[in-house]
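Student: Questions regarding the structure given below will be posed in turn.
2 protein chains.
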Amino acid sequence: MSIGTHVNINTAPRSISIFGSTGSIGCNTLDVIDHLGGRDAFSIAAISGRGNIDLLAKQARDCEAALAVTADDSRYRDLKDALSGSGIEAAAGPSALVEAAERDVDCVMAGIVGMAGLAPTLAAARRGADIALANKECLVSAGSLFHREMDTGGGRLLPVDSEHNAIQQVFDSNQRDSVERIILTASGGPFRGLSLDEMRQVTPARAAAHPNWDMGLKISIDSASMFNKALEMIEAMHLFALRPEQIEVIIHPQSIIHSMVGYSDGSVLAQLGTPDMRTAIGYALTYPRRPHLPVERLNFAELARLDFEAPDETRFPPLRLARLAMEGGGQLGAILNGAKEVVLEAFIEERIGFLEMAEIVETVMDRMGPGETPTDIQSIYDADRDARRHAGEQIAARAR
Amino acid sequence: MSIGTHVNINTAPRSISIFGSTGSIGCNTLDVIDHLGGRDAFSIAAISGRGNIDLLAKQARDCEAALAVTADDSRYRDLKDALSGSGIEAAAGPSALVEAAERDVDCVMAGIVGMAGLAPTLAAARRGADIALANKECLVSAGSLFHREMDTGGGRLLPVDSEHNAIQQVFDSNQRDSVERIILTASGGPFRGLSLDEMRQVTPARAAAHPNWDMGLKISIDSASMFNKALEMIEAMHLFALRPEQIEVIIHPQSIIHSMVGYSDGSVLAQLGTPDMRTAIGYALTYPRRPHLPVERLNFAELARLDFEAPDETRFPPLRLARLAMEGGGQLGAILNGAKEVVLEAFIEERIGFLEMAEIVETVMDRMGPGETPTDIQSIYDADRDARRHAGEQIAARAR
């Protein structure tokens with residue numbers, strides 16, 4: 001095995017906790033850790049999951065985790081049983097998650113999806129771990145609060161989302177003044193070529209077929225509507241401390257350029273790769289070293305071409321909503337995100353149409369207004385809950 | 001004017017000498033210096049040109065250079081007269097160029113084309129200046145010797161060629177082990193789509209029409225034959241201390257991606273831009289800061305697409321010759337370059353055909369063999385002279 005394959009030549013294993021280990025980020029993280037030398041390179045302090053107890057217990061045994069946590073209080077017994085005889089500690093429930101996040105580790109993979117990831121990730125940030133961030137809410141809903149906790153802890157923030165990881169790879173933080181803009185690429189999803197009228201008629205099944213990445217139903221629909229890209233815009237603003245007008249989106253159907261940074265000398269730097277999330281995960285786990293990974297290499301002659309087109313904010317209104325949220329500040333990120341979750345469910349249940357999702361979110365943002373910039377997690381929970389309630393009312397009103 | 005526009009906030013002007021100031025690199029360098037604050041940012045120790053005395057004298061007066069040198073001994077009087085009353089020192093001839101290069105400056109722009117650039121650039125390197133390198137022969141013909149002089153002087157080597165500058169911008173020299181390959185982009189020139197038979201019939205006039213960059217006749221033909229790219233491959237090997245097999249070439253007709261670096265985690269990092277050499281010049285002049293330049297910014301929606309195809313080494317044999325030169329080492333770089341100069345002249349004079357250029361260069365490389373790695377400039381001059389003589393003989397033999 002060549003030098004560079006292992007991350008810890010002559011050093012102790014890096015300690016890590018993986019939150020959301022049974023999800024796709026978590027499974028890929030464990031795979032990357034295996035490739036980087038497994039137990040020789042990383043010691044696993046804690047892993048967490050929710051309903052898939054069998055997989056969680058198997059992962060915990062395989063990677064010799066010290067602790068396994070299910071977010072679901074009612075599954076404590078099941079997890080305890082599944083781990084019996086292994087010597088691995090079992091715990092359950094939201095407060096057990098936060099407690100696990102407060103354990104002293106070098107690095108935390110924050111892979112829990114949704115608002116449930118907020119409290120443990122904020123706790124890990126405050127504790128001082130490097131955060132490999134795959135949870136959107138920490139930045140979209142809690143951007144300034146999350147930064148405050150990172151500053152308190154002193155760890156490094158390393159984005160795992162392919163777009164933000166790409167930007168991180170080519171963002172010169174020693175020369176912030178020379179960064180003019182970042183350019184987030186978007187595949188455009190399955191409806192890139194549809195007319196506005198056609199988009200009104202779209203069904204959940206059609207929205208779920210994403211052309212480049214193999215994803216779940218909700219994330220596929222968020223990708224098709226570009227709500228996903230809207231959240232990424234807000235995340236990017238917080239991650240890289242940019243002004244809203246510095247954040248551009250370009251449709252790039254092949255998803256080979258993962259994102260770009262434009263500089264004051266006319267240079268644009270880009271990170272490219274095959275759609276394999278292990279590159280970004282490896283980068284975050286071993287930063288500032290770059291690991292060796294068995295990821296398929298790009299072959300430009302086979303690619304043959306890369307295409308670009310301007311996004312249409314009429315057909316993809318979430319991009320416009322993201323600008324409103326970035327410019328308005330306050331709780332608008334949390335409101336957009338909370339309302340989006342509810343309209344997404346309603347679309348999946350075919351209670352509202354595809355374009356109604358953005359209409360309702362905009363109405364909720366309008367009605368609630370930005371409010372104060374959140375300084376504690378409770379105020380974010382409140383904004384999220386209010387946004388969900390308002391969105392529910394709007395959906396009900398349309399159903400009448 | 002915003003912070004970042006000037007390079008020397010609170011510092012003394014950076015002293016610089018510009019060799020080849022009347023050529024296209026030199027003129028663009030003076031333009032960049034104007035944009036970066038002119039005399040407030042840079043003090044010009046010396047500039048040099050050859051036959052265009054009027055322009056050289058005008059530049060010297062405009063930029064308040066301390067010294068102006070013409071490489072042509074016989075033009076000393078003309079230059080002296082043109083500078084009369086200015087207080088600017090005049091000098092002429094190759095040894096005056098070397099003497100100018102030995103003056104103590106922070107940075108030297110090495111913009112002299114051809115073998116004539118070798119001695120002054122080696123002298124400046126030994127003296128310890130940062131070298132903004134636009135001369136190919138320093139690396140192609142004198143790679144290891146040039147590196148030795150750079151090491152002696154301790155200056156930084158900053159490539160100005162758009163491809164190598166692109167690689168420099170995304171090459172992580174702290175993690176050399178993680179660099180798997182570099183990918184030089186090539187426009188493919190005007191004959192990208194021609195058959196082998198059609199290429200045999202190509203005329204100098206057709207070869208001179210380069211699609212993306214506005215260039216002179218010789219460089220246009222070198223671009224059309226890909227001898228230019230062959231030299232860049234050898235340069236890249238020396239610049240970035242790579243193995244021959246780590247250097248790839250991809251045809252990219254739009255010339256927007258200037259080149260790329262492939263890493264061990266699957267990431268490919270790229271620098272993109274409009275075809276404006278001021279970006280690379282500004283980067284080299286102000287490194288490690290990035291300047292603000294009035295270069296046209298990329299608009300990806302307008303670009304619409306970027307294409308790639310594998311280069312065909314049968315139709316573009318110089319790429320194969322570059323590999324032979326890289327693998328063979330010794331004097332093969334100098335031999336390839338010297339023979340190439342002669343066959344290029346012969347093609348322009350329509351004494352040989354387009355594809356005969358590479359055939360003759362290969363014959364010369366075969367006949368002469370690699371020889372010893374050069375340790376002094378005289379041995380490089382010798383190899384260059386012998387290669388030119390051999391090439392001349394081959395051309396004459398074909399004419400019979």
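For the record, the sequence lines run as chains U and L. Okay, so the first sequence: first residue is 1 according to the numbering used here, each after it adds one. Okay, so the second sequence: first residue is 1 according to the numbering used here, each after it adds one. Quick reminder that beta carbons are idealized off the backbone N, C-alpha and C, glycines included.
Quick test of the definition: if touching needs 3 or more C-beta pairs under 8 Å, does the stretch 391-398 of chain U touch the stretch 14-31 of chain L?
Tutor: Remark: fewer than three beta-carbon pairs, one from each stretch, lie closer than 8 Å, so the stretch 391-398 of chain U and the stretch 14-31 of chain L are not flagged as touching.
Student: Which residues in chain U sit within 7 Å of I446(L), going by Cβ to Cβ distance?
Tutor: Chain L is shown from 1 up to 400; residue 446(L) falls before or after that span and cannot be answered.
Student: Please classify V7(U): is it buried, with 16 or more other beta-carbons within 10 angstroms of its beta-carbon, or exposed?
Tutor: Reliability fails at V7(U), whose pLDDT of 45 lies under 50, so the model's placement of it is uncertain and the value that follows must be treated cautiously. Buried, since its Cβ has 16 or more Cβ neighbours within 10 Å.
Student: In the stretch 46-78 of chain U, which residue ranges form an unbroken alpha helix (DSSP H) of at least 4 residues, counting only runs that do not cross its ends?
Tutor: Taken in chain order, the unbroken stretches of alpha helix (DSSP H) that lie wholly in the stretch 46-78 of chain U and span 4 residues or more are 53-63.
Student: What does A270(L) reach in chain U if we use C-beta pairs closer than 9 Å?
Tutor: V170, I257, M260, V268, L269, A270, Q271 and L272
Student: Evaluate I18(L) with the Cβ neighbour count: other Cβ atoms within 10 Å of its Cβ, from every protein chain shown; 16 or more gives buried, anything less gives exposed.
Tutor: buried
Student: Scan the stretch 184-260 of chain U and note each continuous alpha helix (DSSP H) run of 4 residues or more that stays entirely inside, going in chain order.
Tutor: Counting only runs of 4 or more, we get 196-200, 204-207, 217-225 and 227-239.
Student: Does D265(L) have its Cβ less than 7 Å from a Cβ in chain U?
Tutor: yes
Student: Helix or strand or just coil, what does DSSP make of Y263(U)?
Tutor: strand
Student: Using a Cβ-Cβ distance cut-off of 7 Å, determine whether R305(U) contacts chain L.
Tutor: yes
Student: Going by alpha carbons, who is nearest to Y76(U) out of A123(U), A96(U), A322(U) and L158(U)?
Tutor: Per the Cα distances, A96(U).
Student: Please compile the residues from chain U whose C-beta is within a distance smaller than 8 Å of the C-beta of L293(L).
Tutor: S264, D265 and G266
Student: List the whole-angstrom C-beta distance separating A45(U) from L67(U), where the pair is believed to meet the contact cut-off of C-beta under 8 Å.
Tutor: About 7 Å separates the two Cβ atoms, so the contact holds.
Student: Go to I360(L), then tell me how far its alpha helix (DSSP H) extends in each direction, as first and last residue.
Tutor: E356 to M368
Student: Under 8 Å Cβ to Cβ from E350(U), same chain only, skipping five residues before and after it: list those, please.
Tutor: Annotation for E350(U): T203 and P204 place their beta carbon closer than 8 Å to its own, counting only its chain and skipping 5 residues before and after.
Student: Output the distance between the C-alpha atoms of M357(L) and M365(L), rounded to the nearest integer angstrom.
Tutor: 12 Å
Student: On the DSSP bridge list, what partners appear for I18(L)?
Tutor: I47(L) and M109(L)
Student: Answer yes or no: do M237(L) and P318(L) have a C-beta to C-beta separation smaller than 7 Å?
Tutor: Against a cut-off of 7 Å, the Cβ pair of P318(L) and M237(L) comes out as no contact.
Student: Check distances from the C-beta atoms of the stretch 19-50 of chain L to those of chain U and list, in chain order, the residues that come in under 8 Å.
Tutor: Of all residues in the stretch 19-50 of chain L, none places a beta-carbon less than 8 Å from a beta-carbon of chain U.
Student: DSSP beta-bridge partners for R181(U)?
Tutor: G262(U)
Student: Hey, quick one: how far does the alpha helix (DSSP H) through I352(U) stretch, first residue to last?
Tutor: Run containing I352(U): none; DSSP gives neither H nor E here.
Student: Out of R389(U), T274(U), Q59(U) and A90(U), state which residue places its alpha-carbon closest to the alpha-carbon of S74(U).
Tutor: It is A90(U).
Student: Rounding to the nearest angstrom, what Cα-Cα distance links V69(L) and D78(L) in this structure?
Tutor: 11 Å
Student: Please confirm whether R50(L) and A71(L) have their CB atoms less than 7 Å apart.
Tutor: yes
Student: Give the residues of chain L in contact with Q175(U), contact being defined as C-beta atoms less than 7 Å apart.
Tutor: R289 and R290
Student: Since I183(U) meets chain L, which of its residues come closer than 8 Å, beta carbon to beta carbon?
Tutor: F300
Student: Could you tell me how far apart the beta carbons of D161(L) and A134(L) are, in whole angstroms, since I believe they sit closer than 8 Å?
Tutor: 7 Å
Student: Who are the neighbours of S408(L) on chain U, taking C-beta pairs under 9 Å?
Tutor: Lying before the first or after the last residue shown, residue 408(L) is absent from chain L, which here runs from 1 to 400.
Student: So, is E232(L) buried or exposed, given that buried needs 16 or more other C-beta atoms within 10 angstroms?
Tutor: buried
Student: Kindly indicate which three-state DSSP category L118(U) falls into: helix, strand or coil?
Tutor: helix
Student: Could you have a look at P318(U) and say whether DSSP puts it in helix, strand or coil?
Tutor: helix
Student: Could you name each continuous beta strand (DSSP E) segment of 3 residues or more that falls completely within the stretch 284-330 of chain U, going from the start of the chain to the end?
Tutor: 305-307
Student: Out of curiosity, what's the CA-to-CA distance linking A142(L) and E359(L)?
Tutor: Cα to Cα, A142(L) sits roughly 23 Å from E359(L).
Student: Hey, is T314(U)'s beta-carbon within less than 7 Å of any beta-carbon in chain L?
Tutor: no
Student: Taking DSSP's pairing of strands, which residues face L133(U) in a bridge?
Tutor: A110(U) and P159(U)
Student: By how many angstroms is the C-alpha of E372(U) removed from the C-alpha of N228(U)?
Tutor: 24 Å
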